[in-house]
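S.K.: Residue numbers (this note's numbering), protein chains in the order written: chain A, 1 to 138; chain B, 139 to 276. Idealized CB from N, CA, C, for every residue including glycine. Every value quoted in this text rests on a predicted model; they were computed, and no experiment measured them. Below are the structure tokens for one structure; questions will follow.
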DNA sequence: GGTAATTTCATACTTTAGTATGAGTCGTTT
DNA sequence: AAACGACTCATACTAAAGTATGAAATTACC
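This is how it looks when you write it as structure tokens:
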């Protein structure tokens with residue numbers, strides 16, 4: 001947050017400098033009017049694009065980044081979360097068991113725990129809920 | 139596409155007019171230099187923001203809009219697609235049957251057809267595949 | 001008007017998913 | 001050391017999901 005304020009302040013300063021420089025150049029008539037105006041136009045155009053990009057980029061991030069704090073607050077263990085991710089990829093219990101080198105019984109236990117903690121009745125519903133909680137990537 | 143070119147042309151024209159107007163105002167000294175520069179700056183800033191917004195908006199649309207043509211090319215019927223969407227929402231066959239006012243048998247038939255057409259072994263995998271094909275919203 | 005595709009439903013069956021319970025192991029914490 | 005949480009596994013069971021097959025009604029299309 002402090003960084004943002006600092007950058008913003010520097011930007012304002014730079015703009016004021018540019019402003020003064022422009023008026024000075026015009027008064028002293030060292031440079032042609034068109035060049036100054038074109039320069040101003042380009043600079044502000046770029047600034048507009050950059051600011052807009054930053055704002056929209058933040059939006060995209062918040063909708064795609066996974067919320068690790070929420071995972072803990074829900075009470076999902078590391079292994080349970082792993083299983084949840086594999087479920088979301090469309091794997092069966094047997095396939096998950098083979099992928100994680102454990103028995104299918106173990107996966108069933110994990111799945112049951114995940115369903116309880118996410119308050120879901122089925123694995124498909126768990127996927128949906130996990131997505132809404134921004135716990136998994138989609 | 140023609141519309142875009144037309145708008146772009148109009149924009150360029152408007153900018154040139156503004157440009158000429160600015161230089162004229164400066165030469166005739168009817169307006170203060172600062173006001174003109176500030177005006178130019180604001181106009182180009184806004185233009186930059188708008189253009190950037192349009193470009194990024196298009197990106198978002200392409201990643202989120204569902205591909206109706208692909209649904210047809212896969213061979214999914216209207217009802218089968220409906221069922222697919224309900225599956226993605228995490229509903230069971232029974233719940234889907236109640237929501238669409240048909241029997242569970244019917245839903246099972248539709249689900250089987252969907253799985254074959256999407257080349258999926260399970261409904262969870264069907265969700266994943268449908269997502270990759272940009273057939274359903276996520 | 002006939003044909004094809006869609007939608008509907010049923011029955012019987014196999015497979016997968018999910019629940020309940022109990023228990024052993026391992027690492028951490030107190 | 002004892003207690004705790006996380007991970008593992010098994011067995012036995014119930015519930016859903018998915019397959020196969022056949023068939024009737026509806027709709028769409030030529």
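Answer with yes or no whether the minimum CB distance from residue 113 of chain A to chain B is below 9 Å.
M.R.: Along the first chain, one-based indexing puts residue 113 of chain A at 113. It does not: the Cβ of residue 113 of chain A has no partner Cβ on chain B nearer than 9 Å.
S.K.: Using a Cβ cut-off of 7 Å, pull out every chain A residue sitting near residue 227 of chain B, in sequence order please.
M.R.: Indexing the second chain from 1 puts residue 227 of chain B at position 89. By Cβ distance, chain A contributes 128.
S.K.: Flag this pair as yes or no: are the beta carbons of residue 232 of chain B and residue 245 of chain B separated by less than 9 Å?
M.R.: Taking the first residue of the second chain as 1, we reach residue 232 of chain B at position 94. Taking the first residue of the second chain as 1, we reach residue 245 of chain B at position 107. It is a contact, given that the beta carbons lie within the stated cut-off.
S.K.: For residue 48 of chain A versus residue 185 of chain B, is the C-beta distance shorter than 9 Å?
M.R.: Here residue 48 of chain A refers to the residue found at position 48 when the first chain is read from its first residue. Here residue 185 of chain B refers to the residue found at position 47 when the second chain is read from its first residue. Yes, Cβ-Cβ distance for residue 48 of chain A and residue 185 of chain B is below 9 Å.
S.K.: Can you tell which of A:76, A:98 and A:86 has the C-alpha that lies nearest to the C-alpha of residue 265 of chain B?
M.R.: Here residue 265 of chain B corresponds to residue number 127 of the second chain, with the count starting at 1. Of the listed residues, the one whose Cα sits closest to residue 265 of chain B is A:86.
S.K.: Could you name each continuous alpha helix (DSSP H) segment of 4 residues or more that falls completely within the region 183-255 of chain B, going from the start of the chain to the end?
M.R.: Runs found: 206-212, 216-226 and 231-238.
S.K.: Are residue 124 of chain A and residue 262 of chain B touching if we call contact CB-CB under 9 Å?
M.R.: Stepping through the first chain from its first residue, residue 124 of chain A is reached at position 124. Stepping through the second chain from its first residue, residue 262 of chain B is reached at position 124. Yes; because the gap between Cβ atoms is below 9 Å, this pair is in contact.
S.K.: Give me the chain B residues within the contact set of residue 83 of chain A, using Cβ-Cβ distance strictly less than 8 Å, ordered along the chain.
M.R.: Stepping through the first chain from its first residue, residue 83 of chain A is reached at position 83. Here the premise fails: no neighbours, minimum Cβ distance about 12 Å.
S.K.: Quick one: residues in its chain with C-beta nearer than 7 Å to the C-beta of residue 96 of chain A, no 5 flanking neighbours on either side, listed in chain order?
M.R.: Working through the first chain from its first residue, we reach residue 96 of chain A at position 96. Result list for residue 96 of chain A: 83, 86 and 107, in chain order.
S.K.: With the cut-off set at 9 Å, would you say residue 179 of chain B and residue 44 of chain A are in Cβ contact?
M.R.: Position 41 of the second chain, counted from the first residue, corresponds to residue 179 of chain B. Position 44 of the first chain, counted from the first residue, corresponds to residue 44 of chain A. Yes.
S.K.: Is the separation between the beta-carbon of residue 253 of chain B and that of residue 212 of chain B shorter than 9 Å?
M.R.: On the second chain, residue 253 of chain B is found 115 positions in, with the first residue counted as 1. On the second chain, residue 212 of chain B is found 74 positions in, with the first residue counted as 1. Their beta carbons are not under 9 Å apart, which means residue 253 of chain B does not touch residue 212 of chain B by this criterion.
S.K.: Mapping the DSSP letters down to three states, classify residue 271 of chain B as helix, strand or coil.
M.R.: Start at 1 with the first residue of the second chain, and residue 271 of chain B comes out as number 133. In this structure, residue 271 of chain B counts as coil in the three-state DSSP scheme.
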